[in-house]
Structures are given as C-alpha cells and as structure tokens.
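Novice: Encoded as structure tokens, here's the structure I'll be asking about.
There are 2 protein chains.
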Amino acid sequence: MAQIKLTYFDINGGRGEPIRLAFHLGNIAFEDNRFNFAQFPEIKKSAPLHKVPVMQLDGKVITQSNAMLRYAGKLAHLYPESAEAALFCDEILDAIEDATNALIDTFGLEGDALKSARLSYTDKWLVPYLVWLEQKYASNNGDYFIGEHISIADLKAYVWIKGIMSGSFDYINDDVVSNNTPQLALFCQTIEALPAINLYYQERA
Amino acid sequence: MAQIKLTYFDINGGRGEPIRLAFHLGNIAFEDNRFNFAQFPEIKKSAPLHKVPVMQLDGKVITQSNAMLRYAGKLAHLYPESAEAALFCDEILDAIEDATNALIDTFGLEGDALKSARLSYTDKWLVPYLVWLEQKYASNNGDYFIGEHISIADLKAYVWIKGIMSGSFDYINDDVVSNNTPQLALFCQTIEALPAINLYYQERA
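Chains as they are written, first to last, in UniProt numbering: chain A, 1 to 205; chain B, 1 to 205.
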C-alpha cells in the first residue's frame with residue numbers, strides 16, 4: 001500500500017472532505033495534512049495547477065479531487081464494481097463538481113455583484129442540479145444513490161448538500177435544499193446518522 | 001451488454017469524440033447519434049442538465065462525458081485496472097475537462113472581449129495545462145500517458161490537443177502546442193498513426 005498524504009483546508013467540507021471520509025470509512029491509513037485559509041496562497045504556489053486538494057502517493061504529486069476520491073473509493077470498497085453502476089456513481093461525482101465550479105466562480109465578488117451572482121447561481125445551477133440529483137436518488141428506492149451500499153457518490157453528495165445547507169454562502173438560503181428537494185435533506189440525515197460518520201464528526205467537534 | 005446510444009455534435013472533436021474512439025477501438029457496438037449545430041437548441045432542452053453528450057443505456061439517460069468515457073474505457077479494456085494507474089488516468093481526464101470548461105466560458109463573446117478572453121485563457125489556462133500535461137507524458141517514458149498501453153487518457157488528450165491545434169478558436173494560435181509542448185504535438189502524431197485510429201478517420205473523411 002502506498003504512503004498517502006492528503007493536503008487540504010482544515011474544514012469539514014469542500015473537495016477534500018469526501019476523500020477523507022472515504023479513507024475513514026475504509027480504515028485506510030493516510031496523513032491528513034490540513035492547512036488554514038491564511039496558508040493557502042503559499043500552498044497554492046507549489047500545488048499542481050495551483051489547486052487543492054493535493055494527494056501525494058509515495059512522493060508522486062496528484063491533482064483533481066474526483067480522481068483522488070475514486071482512488072480512495074477503490075481502496076475502501078466504496079466504488080461500484082460493475083461498469084454500469086460505476087457510471088452512475090461517476091455521473092454524480094462530475095455533476096456535483098460542475099455545480100461546485102459554478103459556485104466558486106462567485107467567490108471574490110462583493111456587494112450587489114455578489115448578490116446578483118448568487119441569486120443567478122441559485123436559479124440556474126443550484127436548484128436544477130439539486131432537482132436532478134433528487135430524481136437520481138429517488139429512482140434508486142433506498143438509502144443510497146446506487147444499489148444497496150454506500151458509495152463515494154453518497155459521500156460526495158452528502159458533503160456538497162451539507163455545505164449548501166450550512167448557510168455559509170451569502171444569499172443562498174439555508175432552506176433551499178429542504179424547500180426544493182426534501183428527500184435530499186433526509187438523505188443527509190441518513191448519512192450523518194451512520195455510526196462511522198457520526199463518530200467521526202463527534203471526534204472532530 | 002446494454003444497448004448504447006450516444007448523442008453528440010456531428011464533429012470529430014469535443015467531449016463526445018473520445019467516447020466514440022474508445023467504443024471504436026474496443027469494437028463495442030453503439031448507436032452513434034450525431035446532430036448539427038442548428039439542432040442543438042432543441043436537443044439541449046431535453047438533455048439532462050441541458051448538456052451533451054447524452055448517453056442512453058437501455059433507455060436510462062446519462063450525462064457527464066468523463067463518466068461515459070470511463071464506462072466506454074472499461075468495456076473496451078482501455079481503463080487501467082490498478083487503482084493507482086487509474087488515478088493517473090482520471091487525473092488527466094478531469095484536468096482536461098477543467099481546461100475545456102474555461103475555454104467554453106469564452107464562447108459567445110465577440111470582438112475585443114473575445115480577443116481579451118482568449119489571450120487570457122491562453123496564458124492562464126491553456127499553456128499551464130499543456131505544460132503540466134507534457135510533464136505527465138514525459139514522466140512515463142513511452143508512447144502513452146500511462147504504462148505501456150493506450151488508455152482513455154490518451155484518447156482524451158489526443159482529441160483535446162488536436163482541437164487546440166486545429167486553429168478553430170479565434171485568437172488561439174495553432175502553433176501554441178508545438179511551440180510550448182513539442183512532445184505533445186508528437187504524441188498526437190503517434191496516436192493518429194495507430195492503424196485503428198488512422199482507418200477510422202479515413203473512413204469518416
């Protein structure tokens with residue numbers, strides 16, 4: 001097994017968190033190298049393509065969070081084995097990444113420009129993506145997005161939806177999920193209540 | 001085997017083309033449903049998240065081109081089996097997708113706004129991503145990006161670089177690849193010369 005080091009913001013969310021959760025659920029040892037926002041400009045300079053998270057595998061330096069998440073998912077047996085189920089899993093990972101990129105495009109704006117961009121984001125991206133995601137979830141008729149077992153699609157969706165519901169983003173109402181996609185709000189409660197997830201966040205509190 | 005239908009622009013490039021090539025190299029039967037630019041507004045209305053390509057598998061409708069490419073890669077034995085090699089493959093797929101998204105953000109602009117956006121794109125995105133990609137390629141010391149066999153990472157990179165070199169994008173010089181990353185220009189020639197690829201484009205000409 002490779003020596004794994006994951007470098008990401010010291011927050012319980014964002015692009016690094018589903019990877020941490022996958023390693024945690026699979027009992028895969030890794031170095032959880034966290035940094036704070038003040039350290040980001042320095043970290044960014046040496047990161048591949050100036051992006052985080054960064055993964056180091058026996059010294060090889062890797063970018064792209066969904067690639068890392070899929071790797072963690074394979075080690076932790078949280079990535080579907082059938083090509084078709086894996087397609088459904090990958091589709092969810094990549095769609096959430098698109099919606100994340102669109103939100104990040106609003107970072108750095110201020111005042112009316114921020115308000116306008118966030119309201120537009122909510123209408124054109126957030127709600128349509130949530131609705132699409134809820135349809136995917138509902139079509140599986142179970143606790144998870146794919147089949148009968150938890151997968152990295154659930155971890156990606158859980159961290160993203162929890163972030164949206166957190167009220168962390170100005171002009172994005174924290175009830176946008178429960179108002180538009182109540183099943184996704186319940187899905188987050190289901191994931192949060194899993195003993196391994198619950199214990200993880202208790203220990204981090 | 002599922003009945004596969006792929007719906008995408010009738011062009012030899014873009015997000016759909018690596019998927020077509022993967023099916024072709026693997027002799028995987030699929031319906032190659034092509035449409036022209038005039039038909040796009042109508043196709044877009046019913047596409048999941050209003051995006052193409054769209055894949056239908058036994059009637060299930062799928063979005064996200066890299067998810068489809070990975071599925072095609074698994075069926076065609078063009079996706080690495082080891083988790084670590086697959087991580088390197090996924091990293092390339094996702095980085096090219098980021099660079100593609102940034103280029104698409106310049107579509108629809110005109111005049112000086114287009115010129116400025118394309119020059120900025122070339123400096124901030126295109127050249128850094130090409131350089132990163134060339135480093136990845138060079139580190140493998142062979143004809144392909146990963147190991148000794150062609151993979152979907154090669155197909156994704158080939159189609160993307162060929163598109164950049166085509167001169168199709170105003171204010172992006174068609175020698176940007178050969179000037180900055182000559183090994184990637186040679187890589188494209190290597191892929192193009194593969195008998196299965198060469199024959200495919202001869203038959204489409």
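Where is the CB? At the ideal position from N, CA and C, for every residue including glycine.
If you're wondering where the values come from, they're calculated on a predicted model, not measured in any experiment.
Taking the runs of the beta strand (DSSP E) that are 3 residues or longer, which of them lie wholly in the region 51-76 of chain A?
Specialist: Entirely contained in the region 51-76 of chain A, the beta strand (DSSP E) runs reaching 3 residues are, in chain order, 54-57, 60-62.
Novice: Report the neighbours of Lys-74/A on chain B: residues whose CB is nearer than 8 Å to its CB, in chain order.
Specialist: The contacting residues are Ala-83, Ala-86.
Novice: Grab the span of the alpha helix (DSSP H) containing Ile-191/A for me, first residue to last.
Specialist: It spans 182-193 - the alpha helix (DSSP H) in which Ile-191/A sits, taken as one unbroken run.
Novice: Please state the DSSP three-state secondary structure of Arg-118/A.
Specialist: Here Arg-118/A sits in helix by DSSP.
Novice: Pull up the distance between the alpha-carbon of Gln-3/B and that of Leu-57/B, whole angstroms please.
Specialist: When rounded, the distance between both Cα atoms is 6 Å.
Novice: For Asp-143/A and Phe-187/A, I'd like the C-alpha separation in whole angstroms.
Specialist: Taking the straight line joining both Cα atoms gives about 7 Å.
Novice: So if I threshold CB-CB distances at 7 Å, which residues from the region 52-65 of chain B count as touching chain A?
Specialist: For the region 52-65 of chain B, which is checked against every Cβ of chain A, the residues closer than 7 Å are Leu-57, Ile-62, Thr-63, Gln-64.
Novice: Can you look up Ile-92/B in the DSSP assignment and give me helix, strand or coil?
Specialist: Three-state DSSP puts Ile-92/B in a helix.
Novice: Which first and last residues belong to the beta strand (DSSP E) in which Lys-5/B is found?
Specialist: 4-9 is the extent of the beta strand (DSSP E) around Lys-5/B.
Novice: Measuring only the C-alpha atoms, how far is Ala-99/A from Lys-124/A?
Specialist: Rounded to the nearest angstrom, the two C-alpha atoms are 10 Å apart.
Novice: Alpha carbon to alpha carbon, how far is Thr-181/A from Leu-130/A?
Specialist: One C-alpha to the other measures close to 7 Å.
Novice: On a CA-only basis, which of Asn-66/A, Asp-105/A, Ala-86/A is nearest Leu-87/B? Give me that one, please.
Specialist: Ranking the options by Cα distance to Leu-87/B, first place goes to Asn-66/A.
Novice: Strictly by DSSP, which residues pair up with Asn-33/A?
Specialist: Paired residue(s): Thr-7/A.
Novice: Ordered along the chain, which non-local residues of its own chain (more than five positions away) have a Cβ less than 6 Å from that of Gly-127/A?
Specialist: The identity of residue 127/A in the sequence shown is Val, whereas the question assumes Gly. So the list reads Asn-180, once near-sequence residues are dropped.
Novice: Identify whether Asp-105/A lies in helix, strand or coil by the three-state DSSP scheme.
Specialist: Three-state result, Asp-105/A: coil.
Novice: Under 8 Å: do the region 42-49 of chain B and the region 91-110 of chain B share three or more Cβ pairs, one atom per stretch?
Specialist: No contact exists between the region 42-49 of chain B and the region 91-110 of chain B.
Novice: Between Ala-83/A and Ile-28/A, is the Cβ-Cβ spacing less than 7 Å?
Specialist: No. Outside cutoff.
Novice: Does DSSP put Ala-47/A in a helix, in a strand, or in coil?
Specialist: Of the three classes helix, strand and coil, the one that applies to Ala-47/A here is coil, per DSSP.
Novice: Please confirm whether Ile-19/B and Ala-72/B have their CB atoms less than 7 Å apart.
Specialist: Yes.
Novice: So is Asp-10/B buried or exposed if we call it buried at 16+ other beta carbons inside 10 Å?
Specialist: Asp-10/B should be labelled exposed.
Novice: Just the Cα atoms here: how many angstroms apart are Asp-174/A and Asp-32/B?
Specialist: Using only the alpha carbons, I get a separation of about 43 Å.
Novice: If the criterion is Cβ atoms closer than 7 Å, does the pair Pro-80/B and Ser-139/B meet it?
Specialist: No.
Novice: Quick one: which chain A residues come within Cβ less than 7 Å of Asn-101/B?
Specialist: Correct list: Asn-101.
Novice: Between Leu-6/B and Pro-41/B, is the Cβ-Cβ spacing less than 7 Å?
Specialist: Not a contact, by the Cβ cut-off of 7 Å.
Novice: Let me check understanding here. Comparing Cα to Cα, which of Glu-134/B, Glu-192/B, Ile-92/B lies closest to Arg-70/B?
Specialist: It is Ile-92/B.
Novice: Report the rounded CA-to-CA distance for Met-68/A versus Lys-60/A, giving the unit in angstroms.
Specialist: When rounded, the distance between both Cα atoms is 13 Å.
Novice: Between Glu-177/A and Ile-197/A, is the Cβ-Cβ spacing less than 7 Å?
Specialist: Here the sequence assigns Val to residue 177/A, which means Glu is not the residue at that position. No, Cβ-Cβ distance for Val-177/A and Ile-197/A is not below 7 Å.
Novice: Measuring straight from C-alpha to C-alpha, what distance separates Glu-134/A and Ala-193/B?
Specialist: Cα-Cα distance, rounded: 45 Å.
Novice: Show which residues of chain A have a CB atom less than 8 Å away from the CB atom of Asp-90/B.
Specialist: Near Asp-90/B (Cβ distances below 8 Å), the residues of chain A are Gln-64, Asn-66, Ala-67, Arg-70, Tyr-71.
Novice: Let's test the definition: count the other Cβ atoms within 10 Å of the Cβ of Ile-146/A and tell me whether it reaches 16, buried, or not, exposed.
Specialist: Buried, by the Cβ-count rule.
Novice: Could you name the residues of the same chain whose beta carbon sits closer than 8 Å to that of Ala-35/B, not counting the 5 residues immediately before and after it, in chain order?
Specialist: Correcting the residue identity first, residue 35/B is Phe in this sequence and not Ala. Excluding sequence neighbours, Phe-35/B sits near Thr-7, Tyr-8, Phe-9, Asp-10, Ile-43.
Novice: Please list, in chain order, the chain A residues whose beta carbon lies closer than 7 Å to that of Ala-117/B.
Specialist: None at all; the shortest Cβ gap to chain A is about 14 Å.
Novice: Compare the Cα-Cα distances from Tyr-171/B to each of Ala-22/B, Glu-17/B, Tyr-121/B, Gly-16/B and report the closest residue.
Specialist: The candidate whose alpha carbon is nearest that of Tyr-171/B is Tyr-121/B.
Novice: Tell whether a beta-carbon distance below 7 Å holds between His-24/B and Tyr-200/B.
Specialist: Taking 7 Å as the Cβ cut-off, His-24/B and Tyr-200/B qualify as a contacting pair.
Novice: Report the neighbours of Pro-48/A on chain B: residues whose CB is nearer than 8 Å to its CB, in chain order.
Specialist: Those are Trp-132, listed as they occur along chain B.
Novice: One question on the structure: do Ile-191/B and Tyr-158/B come within less than 7 Å of each other, judged by their Cβ atoms?
Specialist: Against a cut-off of 7 Å, the Cβ pair of Tyr-158/B and Ile-191/B comes out as a contact.
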